[in-house]
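Novice:
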Amino acid sequence: MYAQPTDLPAGHRRTVLVTGISIPSQPSATRPPMALSDLFRRAARVLAQVGLYQGDYVPDPFDRHLATPHAERPMCLVAALRCAATGDPHGISILSADAIRVLADRLVVNGEGPYADDELAREFHLAQWGDEDGRTTEAAVGVLERAADATAVSL
Numbered sequence: 534m535y536a537q538p539t540d541l542p543a544g545h546r547r548t549v550l551v552t553g554i555s556i557p558s559q560p561s562a563t564r565p566p567m568a569l570s571d572l573f574r575r576a577a578r579v580l581a582q583v584g585l586y587q588g589d590y591v592p593d594p595f596d597r598h599l600a601t602p603h604a605e606r607p608m609c610l611v612a613a614l615r616c617a618a619t620g621d622p623h624g625i626s627i628l629s630a631d632a633i634r635v636l637a638d639r640l641v642v643n644g645e646g647p648y649a650d651d652e653l654a655r656e657f658h659l660a661q662w663g664d665e666d667g668r669t670t671e672a673a674v675g676v677l678e679r680a681a682d683a684t685a686v687s688l
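Quick note: to get the numbering used here, add 533 to the position in the sequence shown (first position is 1).
1) Pair every Cβ in the segment 602-611 with every Cβ in the segment 645-654, then say whether three or more of these pairs are closer than 8 Å.
2) Is H623 a contact residue of the ligand FMN, with contact defined as CB to any heavy atom under 7 Å?
3) Quick one: does E665 have its CB under 8 Å from some CB of chain D?
4) Can you name, in chain order, every residue of its own chain whose Cβ lies under 7 Å from the Cβ of A576, other than the five neighbours on each side?
5) With distances taken from CA atoms, which of T619, Q587 and V686 is nearest L572?
6) Let me know the alpha helix (DSSP H) ranges lying completely inside the segment 619-655, each 4 residues or longer, listed in chain order.
7) Mapping DSSP to helix, strand and coil, what is L659?
8) On the criterion of 16 or more Cβ atoms from any shown chain inside 10 Å, does V579 qualify as buried, or is it exposed?
9) Under a Cβ-count criterion, where at least 16 other Cβ atoms within 10 Å of its own Cβ denotes burial, should I633 be classed as buried or exposed?
10) Over what stretch of residues does the alpha helix (DSSP H) that includes F595 continue unbroken?
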């Protein structure tokens with residue numbers, strides 16, 4: 534067993550204070566929990582509005598040339614799902630991770646599904662699907678709408 538940064542010499546664990554993060558608030562009457570089907574529909578609207586981007590999450594992700602907010606730039610499928618869940622194409626949430634898992638399991642690229650059963654493999658799989666030559670915004674929106682219909686029915 535390897536020592537962890539929080540281990541004490543006697544093998545006990547110590548408590549570490551973590552600051553600078555915010556814990557998401559619980560769903561409330563003003564902000565009810567979102568279903569996967571709602572997230573897929575919201576992501577479809579985001580993509581229909583800003584367009585599908587191939588090759589990265591958004592154009593110029595490090596803001597070297599563009600000053601437009603990332604949520605208003607064309608984006609890939611993963612970024613659209615994250616933007617629909619959190620308002621930020623780079624924001625991570627449990628709901629967006631679930632949506633990425635469901636969508637990656639539905640899509641086939643070169644006759645295959647995701648190469649592994651983890652979050653990064655699924656994101657890579659969605660990126661591969663979106664980056665195929667000739668892939669259009671309309672096709673991506675259609676896939677998201679069909680995923681919304683399928684998840685709404687399966688509930």
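The C-beta atom is built at its ideal place from N, Cα and C for all residues, glycine as well.
All figures in this text were calculated on a predicted structure; none of them were measured in a lab.
Specialist: Checking against the coordinates, here is how it stands:
1) no
2) For the structure depicted, the ligand FMN is absent and the ligand set is empty, with no information on it obtainable.
3) Here chain D cannot be found, since the structure has a single protein chain.
4) Numbered from its first residue, the sequence shown carries residue 576 at position 43. Result list for A576: A613, L614, A617 and L677, in chain order.
5) Sequence index remark: in the sequence shown, residue 572 carries index 39 (1-based). Here the closest residue by C-alpha is T619.
6) 627-639
7) Residue mapping note: residue 659 aligns to position 126 of the sequence shown, counting from 1. In this structure, L659 counts as helix in the three-state DSSP scheme.
8) For the purposes of this step, residue 579 is taken as the residue at position 46 of the sequence shown. Result: buried.
9) For this step, residue 633 is matched to residue 100 along the sequence shown. Flag for I633 reads buried.
10) Your numbering for residue 595 matches position 62 in the sequence shown. Looking at the DSSP string, F595 is not in any alpha helix (DSSP H), and its letter there is neither H nor E.
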